[in-house]
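K.L.:
And the structure:
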């Protein structure tokens, strides 16, 4: 009876030890497996973000952007992934530091704002470089028939032709009746003017502040503006001096009408003309238009 009890106790001890060994081995195996398996990496994607505050109507430079990694699930679906896809583009809304730059925040084919200061005159931080002209954006209205039939578009370069009906008594302090005459006069007053934007017959041009004042005066003086479209890469100076009758007539040779004064008698078409002296008329014409 005692031997049977000992055997039972020994069996229980063996079974307990066996369970303890199994439990210890399971714990060791689980711990080793947990240490050896690294956590699954979080998927990320490259996104272009603003490196500084970018105001609207700013041409983006390399210093304006950074490329960072963002959780793929958190990245905007339309995020831009390469800096070269945004450099040179123009913003239409302000972009804050670290904000992803999206296509909807940049100018597209149907939304093309202009920039006042050219990008090559901005420093790495976007500040205007010293000695940069006082550029301004100015709008002028020119009918299509005075603007290459309306074919001038943003990005084109034009010359500005101004025509004025000149009245000596209005513009001159001392009028010389023998020299000064009422006449139309035309002159290319501004050359190589860039067109920044166009809306129907309104054109936005880039010019310096002083030139903007002169254009404002010319428009108020009652003359007419005409835009002359330049060919691409044509930077040549015109070298013209303006035109009025005195320097146009030698080139085009207008027929100058002469005034015939009747002698007070009925005109006899068959009688010799006594009221017309060709030599006298020629002399008067020479005096009047020399």
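Numbering (the numbering used here), first residue to last: 13 to 302.
Glycine is no exception: its CB is placed at the ideal position from the N, C-alpha and C atoms.
1. To the nearest angstrom, how far is the alpha carbon of residue 36 from that of residue 83?
2. Give me, in chain order, the residues of the same chain whose beta-carbon lies closer than 6 Å to that of residue 159; leave out the 5 immediate sequence neighbours on both sides.
3. Taking only three categories from DSSP, how would you classify residue 83?
4. Of the choices 91, 90, 88, 58, whose alpha-carbon is the least far from that of residue 79?
5. Do you know how far the Cα of residue 197 is from the Cα of residue 99?
6. What does the alpha-carbon distance come out to for the pair residue 17 and residue 30?
7. Just to confirm my understanding: we take residue 55, look at its own chain, exclude 5 residues before and 5 after, and list those with CB closer than 6 Å. What are they?
8. Quick check on DSSP: helix, strand or coil for residue 64?
9. Please list the terminal residues of the continuous beta strand (DSSP E) segment that includes residue 227.
10. Select from 63, 221, 86, 21 the residue whose C-alpha is nearest the C-alpha of residue 107.
11. Cβ atoms of residue 162 and residue 156: under 7 Å apart, would you say?
12. Hey, would you say residue 133 sits closer than 7 Å to residue 116, going by beta carbons?
13. Can you tell me which of the three DSSP states residue 200 falls into?
14. What are the boundary residues of the beta strand (DSSP E) that includes residue 266?
15. Buried or exposed: where does residue 34 fall if 16 or more other Cβ atoms within 10 Å of its Cβ makes it buried?
16. Does residue 94 pass the burial test, meaning 16 or more other C-beta atoms within 10 Å, or should it be called exposed?
17. Do residue 174 and residue 10 come within 7 Å of each other at the CB atom, strictly closer than that value?
18. Between the alpha carbons of residue 206 and residue 256, how many angstroms are there, rounded?
19. Pick helix, strand or coil for residue 253, following the three-state DSSP scheme.
P.N.:
With the given structure in hand:
1. Here the question's residue 36 lines up with position 24 in the chain shown. Here the question's residue 83 lines up with position 71 in the chain shown. So the two alpha carbons sit approximately 40 Å from each other.
2. Residue mapping note: residue 159 aligns to position 147 of the chain shown, counting from 1. 239, listed in sequence order.
3. Position 71 of the chain shown holds residue 83. Residue state, collapsed to three classes: strand.
4. In the chain shown, counting from the first residue as 1, residue 79 sits at position 67. It is 58 whose Cα lies nearest to the Cα of residue 79.
5. Residue 99 sits at position 87 when you count from the first residue of the chain shown. Residue 197 sits at position 185 when you count from the first residue of the chain shown. Cα to Cα, residue 99 sits roughly 46 Å from residue 197.
6. Counting from 1 along the chain shown, the entry for residue 17 is found at position 5. Counting from 1 along the chain shown, the entry for residue 30 is found at position 18. Going by the C-alpha atoms only, they are around 20 Å apart.
7. Position 43 of the chain shown holds residue 55. Within the same chain, residue 55 has close Cβ partners 84.
8. Taking the chain shown and counting its residues from 1, one reaches residue 64 at position 52. Of the three classes helix, strand and coil, the one that applies to residue 64 here is coil, per DSSP.
9. To locate residue 227, count along the chain shown from 1; it is residue 215. Not the beta strand (DSSP E): residue 227 falls in the alpha helix (DSSP H), residues 221-232.
10. As a working note, residue 107 is residue 95 in the chain shown. The option with the nearest alpha carbon to residue 107 is 63.
11. For the purposes of this step, residue 156 is taken as the residue at position 144 of the chain shown. For the purposes of this step, residue 162 is taken as the residue at position 150 of the chain shown. Cβ atoms of residue 156 and residue 162: closer than 7 Å.
12. Here residue 133 is taken as the residue at index 121 of the chain shown, counted from 1. Here residue 116 is taken as the residue at index 104 of the chain shown, counted from 1. No, the Cβ-Cβ distance between residue 133 and residue 116 is not below 7 Å.
13. In the chain shown, residue 200 corresponds to position 188, counting from 1. Three-state result, residue 200: strand.
14. For the purposes of this step, residue 266 is taken as the residue at position 254 of the chain shown. Neither: residue 266 is in no beta strand (DSSP E) and is coded neither H nor E.
15. Residue 34 sits at position 22 when you count from the first residue of the chain shown. That one is exposed.
16. Taking the chain shown and counting its residues from 1, one reaches residue 94 at position 82. Under this definition residue 94 is an exposed residue.
17. The structure shown has nothing for residue 10, since the chain only spans 13 to 302.
18. Within the chain shown, numbered from 1, the residue matching residue 206 stands at position 194. Within the chain shown, numbered from 1, the residue matching residue 256 stands at position 244. If I take the Cα positions, the gap works out to 27 Å.
19. Here residue 253 refers to the residue found at position 241 when the chain shown is read from its first residue. Reduced to three states, the DSSP call for residue 253 is coil.
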